[in-house]
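Each residue of the sequence shown is one higher than the one before, counting from 453 in the working numbering.
What follows is a set of notes on a single structure, which appears directly below.
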Amino acid sequence: MGGESMTRDASLKLGAAGLVAAGLALSSGMALADAYPERPVEMVVTFGPGGGADVMGRQMGRLMEKPLGVAIPVSNVAGASGNAGLTHLRTNPADGYTLGTLISLTVASWASGLGDSKPEDFRVISVVQNSPSFLFVSADSPYQTAQDLFDFAKANPGQLTVATSGYGTQDDVTLKLLAGGGVKMENVPFQSPGERYASPIGGHTSVLYEEPGDVAQFLKAGQLKPLVVFSMERHPAFPDVPTSAELGHEISGLDNFRSIAVRADTPPEILTRLEAAILEATASADWQKFCTDTYSCIQPVTGDAAQKMVTDFLQLVSKQLAS
């Protein structure tokens with residue numbers, strides 16, 4: 453009896469101790485969430501100034517300042533198809549004071565062997581933009597239709613040059629898939645987004661691979677013309693532009709998504725605060741105008757679904773490169 457009583461007392465004490473520990477952990481997490489952020493939060497843009505990732509990162513940072521109550525300065529850490537900036541993000545403390553842009557161009561580069569990052573190194577807070585890519589030419593190009601362009605490329609392999617964001621990105625993957633179908637064009641990477649956008653207009657390249665939102669100003673000015681969209685369906689904003697599938701090239705799923713991410717081991721209480729701030733930002737009138745103007749509006753993807761979107765995209769690109 454005495455032994456049973458002592459055992460029961462010990463169990464009760466252990467149970468009570470566990471409840472106390474759980475309570476302390478909960479209160480500690482709540483305190484962390486209440487205190488965060490106490491100073492400015494850095495937004496690392498993984499590409500150079502003026503590009504789509506840069507514009508998105510700056511817009512998102514500006515709109516997140518109000519819900520978080522601190523300044524969010526932007527740092528452009530460009531290079532290696534976005535991998536240089538992700539290394540900066542990955543090597544900073546997992547305390548929520550360093551955010552970064554994680555976009556599909558960089559994820560595609562992992563499948564090509566660039567960089568040493570992987571999806572599980574990061575926690576994707578939210579995917580906030582998505583858009584299929586197009587091939588654009590200058591308004592006075594001799595190739596006024598996609599069929600004209602593809603016919604010339606087939607007859608003259610490698611003579612046409614395409615301005616891209618880099619090797620290993622989905623730009624590069626798409627060109628390889630086209631080459632496999634007989635449309636061989638030369639990849640010409642540009643680190644500067646502005647120079648890339650202007651290259652076909654200035655005659656430095658024949659074609660541009662890009663999303664319409666990133667070159668909206670050139671489209672509105674009539675300087676660039678879209679020829680083909682890499683999607684299973686025509687783009688609602690460009691209903692006269694055929695899909696690659698219509699031209700005999702089944703290339704889809706390589707849309708350019710953009711997300712905001714942190715290190716994978718960032719405390720969950722901070723992730724919750726950041727997700728709430730992003731959702732408030734994307735619900736704002738300013739963001740809605742921005743995404744409409746850049747043809748990139750989507751319902752924000754958060755949590756496990758956002759993480760899965762990155763891993764699925766990496767698997768898709770890896771499979772296409774292996775085929």
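A virtual CB, placed ideally from N, CA and C, is assigned to each residue, including glycine.
Residue burial classification, residue i (beta-carbon count within 10 angstroms, cutoff 16)
i: glutamine 772; result: buried
i: asparagine 608; result: exposed
i: serine 775; result: exposed
i: alanine 650; result: buried
i: alanine 673; result: exposed
i: glutamate 685; result: exposed
i: proline 691; result: exposed
i: proline 571; result: buried
i: threonine 856; result: Not covered by the structure: residue 856. The range shown for the chain is 453 to 775.
i: proline 545; result: exposed
i: threonine 558; result: buried
i: leucine 498; result: Checking the sequence, you will find threonine at residue 498 rather than leucine. By the 10 Å Cβ count, threonine 498 comes out buried.
i: glycine 504; result: buried
i: glutamine 669; result: exposed
Beta-carbon proximity of residue i to residue j, cut-off 8 Å
i: glycine 620; j: serine 533; result: yes
i: leucine 554; j: alanine 713; result: yes
i: alanine 523; j: valine 529; result: no
i: leucine 671; j: valine 693; result: no
i: lysine 677; j: alanine 605; result: no
i: tyrosine 747; j: alanine 697; result: no
i: glutamate 638; j: leucine 612; result: yes
i: threonine 695; j: tyrosine 661; result: no
i: valine 681; j: threonine 657; result: no
i: phenylalanine 742; j: glutamine 511; result: yes
Member of the options whose CA lies at the smallest distance from the CA of residue i
i: serine 736; options: Asp506, Arg514, Phe499 and Val614; result: Arg514
i: threonine 763; options: Gly537, Cys749, Val576 and His540; result: Val576
i: aspartate 603; options: Lys628, Lys636, Asn582 and Gln581; result: Lys636
i: proline 519; options: Gln643, Pro501, Pro492 and Asn582; result: Pro492
i: valine 769; options: Asp486, Thr543, Gln622 and Ser583; result: Gln622
i: aspartate 707; options: Leu766, Ala598 and Ser644; result: Leu766
i: serine 585; options: Gln740, Phe742, Gly705 and Thr718; result: Gly705
i: glutamine 751; options: Gly567, Ser561 and Ser583; result: Ser583
i: histidine 801; options: Pro652, Glu663 and Gln675; result: In the structure as shown, the chain begins at 453 and stops at 775. Residue 801 is therefore absent and cannot be evaluated.
i: alanine 631; options: Leu566, Ser644, Val614 and Cys749; result: Val614
i: serine 564; options: Lys628, Thr734 and Gly646; result: Lys628
i: leucine 541; options: Phe574, Gly567, Leu566 and Thr616; result: Phe574
Cβ neighbours of residue i in the same chain (closer than 6 Å, five flanking residues each side left out)
i: valine 579; result: Phe709, Ser711, Val753, Ala758 and Met761
i: isoleucine 722; result: Tyr488 and Gly548
i: alanine 473; result: Below a pLDDT of 50, predicted positions are generally treated as unreliable, and alanine 473, at 49, falls in that range; the measurement from the model is reported next regardless. Hits under 6 Å: none found.
i: methionine 495; result: Gly509, Gly513, Ile524, Val526 and Leu551
i: leucine 476; result: Note on leucine 476: pLDDT 49, under 50, position unreliable in the model; no value is reported.
i: glutamate 732; result: Pro519
i: alanine 729; result: Met516, Pro519 and Leu520
Contact set for residue i: own chain, Cβ-Cβ below 8 Å, skip 5 residues either direction
i: glycine 700; result: Gly633
i: serine 479; result: Its pLDDT being 46, under 50, serine 479 is placed unreliably by the model, and the measurement read from it follows with that caveat. Nothing meets the Cβ criterion.
i: glycine 755; result: Glu727
i: glycine 655; result: Ser590
Any C-beta of chain D under 8 Å from that of residue i
i: alanine 673; result: The displayed structure is made up of one protein chain only, and chain D is not part of it.
Cutoff 7 Å; reference residue i; Cβ partners in own chain excluding five residues on either side
i: alanine 560; result: Gly620, Thr621, Gln622, Val625 and Val769
request  = Could you name each continuous beta strand (DSSP E) segment of 3 residues or more that falls completely within the region 614-679, going from the start of the chain to the end?
outcome  = Within the region 614-679, the complete beta strand (DSSP E) segments at least 3 residues long are 638-641 and 659-662, listed from N- to C-terminus.
3-residue-minimum beta strand (DSSP E) runs that sit fully inside the region 527-568, ordered along the chain = Positions of the beta strand (DSSP E) runs, each at least 3 residues long and wholly inside the region 527-568, are given as 550-555 in order along the chain.
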